[in-house]
Each structure stands twice: as structure tokens, then as C-alpha cells.
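In what follows, a single structure is set out as C-alpha cells and then discussed.
In the UniProt record's numbering, the protein residues as written are 1 to 233.
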């Protein structure tokens with residue numbers, strides 16, 4: 001992973017641990033190897049992280065934080081088709097490059113031992129993306145509550161889940177199962193960007209066509225109107 005030398009030591013150790021755990025698997029990874037990749041000593045690694053499990057958990061949590069920081073925001077003032085396509089395309093890219101896929105496989109492989117990590121990964125990554133999409137849909141469409149009960153907010157979240165699975169589910173599943181070769185590099189570091197644009201664009205148009213039947217569009221918010229007025233001199 002790039003930029004090791006520019007990171008504070010604890011972050012460097014976490015990045016080294018991420019690489020080591022996803023490449024070697026939890027059982028085969030060693031603290032010696034993490035230290036070597038981080039450019040430090042095993043004693044220093046233990047000074048920051050008490051044991052292998054603590055480091056593993058911290059490395060997974062740090063990877064999730066990085067993932068979420070790399071996701072774009074959906075602009076409520078933007079064109080719905082363009083905003084949804086941009087978000088879904090990058091979400092797909094970030095989920096399907098090689099080490100992201102290996103991370104998912106490691107967490108799945110350790111599900112019996114550390115079930116809470118799988119729950120956290122799904123809640124923060126998948127659930128976090130769904131919540132961002134739901135907020136955007138609520139801002140741009142008058143979403144009605146479902147006829148069988150529930151709130152408009154719950155309906156927006158269900159629509160977001162439907163959209164995310166429609167636009168990114170096939171490629172995420174294919175790379176996870178090795179039915180499709182994951183790109184070697186991170187999409188921001190020379191890896192593939194927008195490889196699934198045709199599918200994502202099709203899914204966005206299909207989703208919006210269906211949404212139009214049950215939710216009226218709202219006008220885009222005026223950024224100027226949302227600014228606080230300047231104080232009167």
C-alpha cells in the first residue's frame with residue numbers, strides 16, 4: 001500500500017496489518033510479518049496493539065473508515081441520474097478491487113470466530129451506502145409510505161437497498177466468488193475506474209423509471225437559499 005512512510009506509526013502498522021491479514025489470512029498472518037511490512041519491530045507493534053486479535057479488529061475498522069472516506073457524497077442539487085450513477089459506479093469499483101475482495105473473504109472466513117466483524121462490515125459499508133442513498137432520495141423525491149404500513153423514511157431506505165443491489169450486486173458477487181477477476185490495484189491508485197458503467201447506467205435508468213411511478217420528483221435545493229444571511233452592519 002502506498003504512502004507508508006508518510007503515515008504516523010500507528011496508522012502505518014494498521015495499513016501493514018490490513019495488507020498482511022488479507023494476503024495471508026488471519027491464521028497464517030504473523031506479528032513479525034506485520035512489523036516487517038510496517039518497517040518497525042514486533043515489540044513496537046505489541047506496544048500499540050496488545051495481541052493479534054486486537055490488531056486484526058483495528059485493521060478491519062481502519063479499512064472500513066478509509067472505504068467510507070473514499071465514497072462520494074450525493075449532491076441533492078445535482079441531477080439524480082448523474083448522482084446515482086457516480087455513487088454506484090465508485091461504490092462498485094471500491095468493493096471489487098483485489099484487496100477489498102480479499103478483505104471480505106477474510107471476514108467471511110472468520111465469521112464463526114468473529115461474527116461481530118461481519119456484522120460491522122455489513123452495517124457500516126453496505127448499510128452506510130444505503131443510508132446515503134436514502135437521504136438523497138428523500139431530498140429529491142416525495143416518497144410516500146408503503147401502503148401496508150411503515151414510514152416514508154423506511155420506504156426510502158428500502159428503495160436505497162433495492163437500488164444498491166440492482167446497480168452493484170452482480171459485480172460484487174462475481175468478484176467475491178472469483179467468477180470475475182478483481183482488478184489488482186485500488187481504483188484511486190491506477191486501478192480500473194468505471195468498468196461497470198454500462199451496467200450501472202442501465203440500473204440507474206431502470207430504477208428511476210420505476211420510482212417515477214410512485215414518487216414525485218422534488219425541485220433541486222437552491223444552495224444560495226440555504227446559506228445563512230450575512231449579518232446586517
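Glycine included, each C-beta is placed from N, C-alpha and C at the ideal position.
Terminal residues of the continuous alpha helix (DSSP H) containing residue i?
i	result
residue 13	9-24
residue 170	152-176
residue 91	80-96
residue 188	Neither: residue 188 is in no alpha helix (DSSP H) and is coded neither H nor E.
residue 111	Note, residue 111: premise wrong, no alpha helix (DSSP H); not H, not E.
residue 59	52-70
residue 210	197-211
If we call anything under 9 Å between Cβ atoms a contact, is residue i one with residue j?
i	j	result
residue 90	residue 133	no
residue 19	residue 123	no
residue 80	residue 217	yes
residue 49	residue 88	no
residue 68	residue 118	no
residue 172	residue 92	yes
residue 64	residue 157	no
residue 102	residue 22	yes
residue 84	residue 204	yes
By how many angstroms is the C-alpha of residue j removed from the C-alpha of residue i?
i	j	result
residue 209	residue 167	14 Å
residue 162	residue 114	28 Å
residue 189	residue 147	46 Å
residue 126	residue 141	22 Å
residue 7	residue 152	44 Å
residue 187	residue 96	9 Å
residue 199	residue 78	21 Å
residue 10	residue 24	21 Å
residue 213	residue 144	11 Å
residue 1	residue 47	Since pLDDT at residue 1 reaches only 45, below the 50 mark, its modelled position is unreliable, and the value read off the structure follows with that caveat. Whole-angstrom Cα-Cα distance: 23 Å.
residue 13	residue 222	45 Å
residue 30	residue 116	22 Å
residue 211	residue 149	18 Å
residue 74	residue 28	40 Å
residue 130	residue 160	5 Å
residue 32	residue 55	13 Å
residue 86	residue 72	8 Å
residue 195	residue 66	22 Å
residue 44	residue 26	20 Å
residue 39	residue 193	31 Å
residue 220	residue 139	8 Å
residue 169	residue 15	27 Å
residue 42	residue 105	26 Å
residue 207	residue 174	21 Å
Under DSSP, the beta strand (DSSP E) around residue i begins and ends at which residues?
i	result
residue 141	141-143
residue 216	215-217
Practice item. Assess, as a yes-or-no matter, whether the segment 172-180 is touched by the segment 48-67 under the definition of 3 or more beta carbon pairs within less than 8 Å. Key: The segment 48-67 vs the segment 172-180: no contact.
Point to revise | Cβ pair count under 8 Å reaching 3, the segment 102-111 against the segment 134-148 | key: No, they do not touch.
Check your understanding: Whole alpha helix (DSSP H) runs in the UniProt DNA-binding region "H-T-H motif" (30-49) with 4 or more residues, listed along the chain?
Key -> Counting only runs of 4 or more, we get 31-38 and 42-48.
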